[in-house]
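Undergrad: Residue numbers (my numbering), protein chains in the order written: chain V, 308 to 605; chain B, 5 to 337.
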Amino acid sequence: MYVIPLLGIPPQVLFGQLLLGLINGAFYAMLSLGLAVIFGLLNIINFAHGALYMMGAFGAWLMLEYLGIGYWPALILSPIAVGAFGVLLEKAFLHRIYKLDHLYGLLLTFGLALIIEGLFRNYYGVSGQAYDAVPDMLKGGYNLGFMFLPVYRGWVVVASLIICFGTWFAIERTKLGSYLRAATENPKLVQAFGINVPRMITLTYGFGVALAAMAGVLAAPIYHVSPLMGSDIIIVVFAVVVIGGMGSIVGAVVSGFGLGLIEGMTKVFYPEASNTVIFVVMAIVLLVKPAGLFGKSA
Amino acid sequence: MSTMNVETPAAIPGTSNLMKLSLAALLVLALVAPFGLYPIFLMKALCFALFAAAFNLLLGYGGLLSFGHAAFFGWAAYITAHVVKVWGWPPEVGLAAGTAVAAVMGVVIGWLAIRRQGIYFAMVTLALAQMVYFVALEVKFTHGEDGIQAVPRGKFLGFLDLADTNTMYYFVLAICGLAFWLIYRTIHSPFGQVLKAIRENEPRAISLGYRVEHYKLLAFTLSAALAGLAGSLKALVFQLASLTDVDWRMSGQVVLMTLVGGVGTVFGPVVGAFILVTMENYLAQFGSWVTVIQGFIFVVCVLTFRKGIVGEIAELIRRARGEKSSGGGGGGH
Numbered sequence: 308m309y310v311i312p313l314l315g316i317p318p319q320v321l322f323g324q325l326l327l328g329l330i331n332g333a334f335y336a337m338l339s340l341g342l343a344v345i346f347g348l349l350n351i352i353n354f355a356h357g358a359l360y361m362m363g364a365f366g367a368w369l370m371l372e373y374l375g376i377g378y379w380p381a382l383i384l385s386p387i388a389v390g391a392f393g394v395l396l397e398k399a400f401l402h403r404i405y406k407l408d409h410l411y412g413l414l415l416t417f418g419l420a421l422i423i424e425g426l427f428r429n430y431y432g433v434s435g436q437a438y439d440a441v442p443d444m445l446k447g448g449y450n451l452g453f454m455f456l457p458v459y460r461g462w463v464v465v466a467s468l469i470i471c472f473g474t475w476f477a478i479e480r481t482k483l484g485s486y487l488r489a490a491t492e493n494p495k496l497v498q499a500f501g502i503n504v505p506r507m508i509t510l511t512y513g514f515g516v517a518l519a520a521m522a523g524v525l526a527a528p529i530y531h532v533s534p535l536m537g538s539d540i541i542i543v544v545f546a547v548v549v550i551g552g553m554g555s556i557v558g559a560v561v562s563g564f565g566l567g568l569i570e571g572m573t574k575v576f577y578p579e580a581s582n583t584v585i586f587v588v589m590a591i592v593l594l595v596k597p598a599g600l601f602g603k604s605a
Numbered sequence: 005m006s007t008m009n010v011e012t013p014a015a016i017p018g019t020s021n022l023m024k025l026s027l028a029a030l031l032v033l034a035l036v037a038p039f040g041l042y043p044i045f046l047m048k049a050l051c052f053a054l055f056a057a058a059f060n061l062l063l064g065y066g067g068l069l070s071f072g073h074a075a076f077f078g079w080a081a082y083i084t085a086h087v088v089k090v091w092g093w094p095p096e097v098g099l100a101a102g103t104a105v106a107a108v109m110g111v112v113i114g115w116l117a118i119r120r121q122g123i124y125f126a127m128v129t130l131a132l133a134q135m136v137y138f139v140a141l142e143v144k145f146t147h148g149e150d151g152i153q154a155v156p157r158g159k160f161l162g163f164l165d166l167a168d169t170n171t172m173y174y175f176v177l178a179i180c181g182l183a184f185w186l187i188y189r190t191i192h193s194p195f196g197q198v199l200k201a202i203r204e205n206e207p208r209a210i211s212l213g214y215r216v217e218h219y220k221l222l223a224f225t226l227s228a229a230l231a232g233l234a235g236s237l238k239a240l241v242f243q244l245a246s247l248t249d250v251d252w253r254m255s256g257q258v259v260l261m262t263l264v265g266g267v268g269t270v271f272g273p274v275v276g277a278f279i280l281v282t283m284e285n286y287l288a289q290f291g292s293w294v295t296v297i298q299g300f301i302f303v304v305c306v307l308t309f310r311k312g313i314v315g316e317i318a319e320l321i322r323r324a325r326g327e328k329s330s331g332g333g334g335g336g337h
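What follows is the structure, given as structure tokens:
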């Protein structure tokens, strides 16, 4: 096997980190996608998104631990359960504040995030639980010559692409999606056409939350299932959202994956900055194109 | 432009007498307090009151919700602790250095953040503060998880020994008092009026010829510097600067204090800070239930209590006098 010298970095390391970056990017993409869908209709930045992603991962872990439910059913059941919880949150709290300043939505969901995270910390501590319920067909890996590809990691990237494409398709190419887009533009008019907009808002929130939870289940075998996993990622996702702008689904997905890759590259060439590079990119974008790369001007 | 509901106490006739009276009462209370209450607790509450008042200057009067004020608070604490402990300089230099660094950070972060508005502004400040958090985690002088411990308080101006708890209390009280006075003067200055105008209607302020970016940046810098002063004082009081001070949860706490006390009121942040610090003291034994309870208070405040304690009281007084409601509560857009 020949080795291409790339600034003295062995290709195994380079591609390994790029894969890790791609995986992080997959989670950024799924989470910022959910944030964008929710923001489009509810005008709320869902600070609880990270906490709900964590709940998705915990859902899968709890199902395995107490009910013996495996990975594949959990991948569907956990998002449904968390999505239903999201519907409850919307019914109980969020729908009361739509007429207020958007900042209140941020504060309210921040409070909800604190409650959820605090409760899980009380019962499960901060150290995290291992989730090893990966089905056999996703175990092991392939040697591609230039790198080793663990099957599960490849699956996460593929799954997230499917989820993102499915969401794009549902919103941009179906009748229900056209109602949703219309309600984003002008809810009153859509309501006048006899469409139940409040119910649509509730279901949209549930759907966005379920997306976060599904990302959580996908993440469970890779990271430790910990109550803090949500707050660790949500602030980065906010930066991704500021960079991409919340105008378009494609924008959210592209900037999610792109920033994951940039983060992976930074881990190879300048590891000290890998935690901060996304924020630096955000600062640069704010200087060059304040509305975000794909955003309409605010 | 976004508008949190706010009070403008100066606009209520007869308030100035009430204001003077409550100020005098507060001052007397503050002077005798260490005889009845634990001075360290009082100093902690004062530091957070200043922190919240600085934050409120930005949110309550500029309409800008910063979710990253811990960056200034925490970094100023680190700088002060380092200057005083490692370089061995006196406390007044330490405080000045911490405040100055926070002000410079305020210029840079503010300059970036004011390019966006509303919730984007909040997300940008949160993200930049998180970046600054990671820097604090990486650099050596902050000592990572340990923080900078056993920071000496030293002698103020060479003769006032701050190691004595009571002396330290009156020192903190004096500094906070001066800072509150500065904030009060700022709010009621022409600068403060323009800031409020921008908060209420930014396009109109622009069309009247105001360079709104300058006003926002100046307000942000001032707020950051004062938040830094609070952090520096905290580092001296507890003789400790740690990662807790730069964490995003700290940014959330100062938002909560201001919200509980009353956004855009003069005394609100002080009241809110005292309530939350007291609560934290009593609930410390319950561990992470504190987080749950804080989250709960957030939810309750946003749903039912948006004017905060001081805001609601001001509203009651106004009603008792038979004046029109300010209508802030449900009206924000």
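Each residue gets a CB set at the ideal place from its N, CA and C atoms; glycine is no exception.
#1: Mind reading off the beta-carbon distance from G276(B) to V264(B)? Whole number of angstroms is fine, and I expect it under 8 Å.
#2: Please list the terminal residues of the continuous beta strand (DSSP E) segment that includes G448(V).
#3: Compare the C-beta of G110(B) against all C-beta atoms of chain V and say whether one is closer than 8 Å.
#4: Using CA atoms only, rank isn't needed, just tell me which of Q319(V), L326(V) and V320(V) is closest to G567(V).
#5: For V139(B), which residues in chain V fall below 7 Å Cβ to Cβ?
#6: Who does F455(V) pair with in a DSSP beta bridge?
#7: Flag F417(V) as yes if its beta-carbon sits less than 8 Å from any beta-carbon of chain B, otherwise no.
#8: Measure the beta-carbon distance from S555(V) to F601(V) and round it to whole angstroms, keeping in mind my assumption that it falls under 8 Å.
#9: Would you mind sorting L415(V) into buried or exposed? The rule is 16 or more other CB atoms within 10 Å of its CB.
#10: Y65(B) and G268(B): beta carbons closer than 8 Å?
#11: Residues of the stretch 98-122 of chain B in Cβ contact with chain C at a cutoff of 7 Å, in chain order, please.
#12: Here's a check: name, in chain order, each residue in its chain whose Cβ is nearer than 6 Å to the Cβ of I83(B), leaving out the five neighbours to either side.
#13: Please identify the residue among P156(B), L141(B) and V155(B) whose C-alpha is closest to the C-alpha of E149(B).
#14: Using 8 Å as the Cβ pair cut-off and three pairs as the minimum, do the stretch 142-161 of chain B and the stretch 82-97 of chain B touch?
#15: So which residues on chain B does Y360(V) lean against when the C-beta distance must stay under 7 Å?
#16: Just to confirm the assignment, what range does the alpha helix (DSSP H) spanning Y431(V) have?
#17: Could you pull out every unbroken alpha helix (DSSP H) segment of at least 4 residues lying fully inside the stretch 151-200 of chain B, listed in chain order?
#18: Would the C-beta of F453(V) count as close to the ligand ATP, meaning under 7 Å from any of its heavy atoms?
#19: I'd like to know if S292(B) contacts chain V, where contact means its C-beta is closer than 8 Å to some C-beta of that chain.
#20: Does DSSP put V532(V) in a helix, in a strand, or in coil?
#21: Would A598(V) and G563(V) be called neighbours here (beta carbons separated by less than 8 Å)?
#22: State the Cα-Cα distance for the pair F500(V) and N493(V), rounded to the nearest angstrom.
#23: To the nearest angstrom, how far is it from the Cα of S485(V) to the Cα of I469(V)?
#24: Determine, using beta carbons only, whether A56(B) comes closer than 8 Å to chain V.
#25: Within the same chain, show all residues whose beta-carbon is closer than 7 Å to that of P38(B), passing over the 5 residues directly before and after it, in chain order.
#26: Please tell me whether V303(B) has its Cβ less than 8 Å away from any Cβ of chain V.
#27: If we define contact as Cβ-Cβ less than 8 Å, is F400(V) a contact residue for chain B?
#28: Under a CB-based cut-off of 8 Å, is V588(V) close to chain B?
#29: Which chain B residues are close to Y431(V), counting only those with a beta carbon under 9 Å from its beta carbon?
#30: Could you tell me the distance, in whole angstroms, from the CA atom of Y309(V) to the CA atom of S538(V)?
#31: Among A34(B), L31(B) and C51(B), which one has its Cα closest to the Cα of A231(B)?
#32: DSSP three-state label for Q121(B), please.
#33: Could you confirm whether any beta carbon from chain V is found closer than 8 Å to the beta carbon of S6(B)?
#34: Buried or exposed, going by whether 16 or more other CB atoms sit within 10 Å of the CB of G323(V)?
#35: Rounded to the nearest angstrom, what separates I441(V) and V549(V) at their Cα positions?
#36: From which residue to which residue does the alpha helix (DSSP H) around L41(B) run?
TA: Taking the structure as given:
#1: To locate residue 276(B), count along the second sequence from 1; it is residue 272. To locate residue 264(B), count along the second sequence from 1; it is residue 260. Correct: roughly 4 Å between the Cβ atoms.
#2: Taking the first sequence and counting its residues from 1, the one referred to as residue 448(V) is at position 141. Annotation for G448(V): the continuous beta strand (DSSP E) segment containing it runs G448 to N450.
#3: Taking the first residue of the second sequence as position 1, residue 110(B) is located at position 106. No, its Cβ sits nowhere closer than 8 Å to a Cβ of chain V.
#4: The residue given as residue 567(V) occupies position 260 in the first sequence. Checking every option, the nearest Cα to that of G567(V) belongs to L326(V).
#5: Taking the first residue of the second sequence as 1, we reach residue 139(B) at position 135. The answer, in chain order, is T583.
#6: As a first step, residue 455(V) is located in the first sequence; it is residue number 148 there, counting from the start. According to DSSP, F455(V) bridges with N450(V).
#7: For this step, residue 417(V) is matched to residue 110 along the first sequence. Chain B contact via Cβ: present.
#8: Translated into positions along the first sequence, residue 555(V) becomes position 248. Translated into positions along the first sequence, residue 601(V) becomes position 294. Cβ-Cβ separation between S555(V) and F601(V): approximately 5 Å, consistent with a contact (criterion under 8 Å).
#9: Taking the first sequence and counting its residues from 1, the one referred to as residue 415(V) is at position 108. By the neighbour-count rule (16 or more Cβ atoms within 10 Å), L415(V) is buried.
#10: What you label residue 65(B) is simply residue 61 of the second sequence in a count that begins at 1. What you label residue 268(B) is simply residue 264 of the second sequence in a count that begins at 1. Yes.
#11: Annotation note: the requested chain C is absent from the structure, which comprises protein chains V and B.
#12: One-based indexing of the second sequence puts residue 83(B) at position 79. Once the five neighbours on either side are set aside, the close Cβ partners of I83(B) are A101, G102 and V105.
#13: Here residue 149(B) refers to the residue found at position 145 of the second sequence. When each option's Cα is compared against that of E149(B), the closest is L141(B).
#14: Three or more beta-carbon pairs drawn from the stretch 142-161 of chain B and the stretch 82-97 of chain B are found closer than 8 Å, and the two stretches are therefore classed as touching.
#15: By one-based count along the first sequence, residue 360(V) stands at place 53. None at all; the shortest Cβ gap to chain B is about 16 Å.
#16: Counting from 1 along the first sequence, the entry for residue 431(V) is found at position 124. Counting along the chain, the alpha helix (DSSP H) containing Y431(V) begins and ends at H409 to Y431.
#17: You should have 169-191.
#18: This structure simply doesn't include the ligand ATP, nor any ligand for that matter.
#19: The count along the second sequence starts at 1 and reaches residue 292(B) at position 288. At least one chain V Cβ lies under 8 Å of S292(B).
#20: To locate residue 532(V), count along the first sequence from 1; it is residue 225. DSSP places V532(V) in strand when its eight states are reduced to three.
#21: On the first sequence, residue 598(V) is found 291 positions in, with the first residue counted as 1. On the first sequence, residue 563(V) is found 256 positions in, with the first residue counted as 1. No.
#22: Locating residue 500(V) in the first sequence gives position 193, where the first residue counts as 1. Locating residue 493(V) in the first sequence gives position 186, where the first residue counts as 1. If I take the Cα positions, the gap works out to 11 Å.
#23: The sequence position of residue 485(V) within the first sequence is 178, counting from 1. The sequence position of residue 469(V) within the first sequence is 162, counting from 1. Here the alpha carbon of S485(V) sits roughly 20 Å from the alpha carbon of I469(V).
#24: For the purposes of this step, residue 56(B) is identified with residue 52 of the second sequence, where counting begins at 1. Taking a beta-carbon distance threshold of 8 Å, A56(B) does not count as an interface residue toward chain V.
#25: Here residue 38(B) refers to the residue found at position 34 when the second sequence is read from its first residue. These residues qualify, in order along the chain: L46, N170 and Y173.
#26: Along the second sequence, read from residue 1 onward, the residue named residue 303(B) stands at position 299. Chain V, which has a Cβ nearer than 8 Å to the Cβ of V303(B), makes this yes.
#27: Counted from its first residue, the first sequence places residue 400(V) at position 93. F400(V) counts as touching chain B.
#28: By one-based count along the first sequence, residue 588(V) stands at place 281. Not an interface residue.
#29: As a first step, residue 431(V) is located in the first sequence; it is residue number 124 there, counting from the start. Here the premise fails: no neighbours, minimum Cβ distance about 10 Å.
#30: Working through the first sequence from its first residue, we reach residue 309(V) at position 2. Working through the first sequence from its first residue, we reach residue 538(V) at position 231. Note that Y309(V) scores a pLDDT of 48, beneath 50, so its modelled location is shaky; the value from the coordinates is reported in the next line. Y309(V) and S538(V) have their C-alpha atoms some 43 Å from each other.
#31: By 1-based counting over the second sequence, the position of residue 231(B) is 227. Ranking the options by Cα distance to A231(B), first place goes to C51(B).
#32: For the purposes of this step, residue 121(B) is identified with residue 117 of the second sequence, where counting begins at 1. Residue state, collapsed to three classes: coil.
#33: Translated into positions along the second sequence, residue 6(B) becomes position 2. With a pLDDT of only 43 at S6(B), under the threshold of 50, the placement of this residue in the model should not be trusted; the figure read from the coordinates follows. At a cut-off of 8 Å between beta carbons, S6(B) contacts chain V.
#34: If you number the first sequence from 1, residue 323(V) lands on position 16. Around the beta carbon of G323(V), a 10 Å sphere encloses 16 or more other beta carbons of the protein chains shown; the residue is thus reported as buried.
#35: In the first sequence, residue 441(V) corresponds to position 134, counting from 1. In the first sequence, residue 549(V) corresponds to position 242, counting from 1. The sequence shown places Val at residue 441(V), not Ile. Distance between the alpha carbons of V441(V) and V549(V): 34 Å.
#36: Locating residue 41(B) in the second sequence gives position 37, where the first residue counts as 1. Taken as a continuous stretch (DSSP letters only), L41(B) belongs to no alpha helix (DSSP H), as it is neither H nor E.
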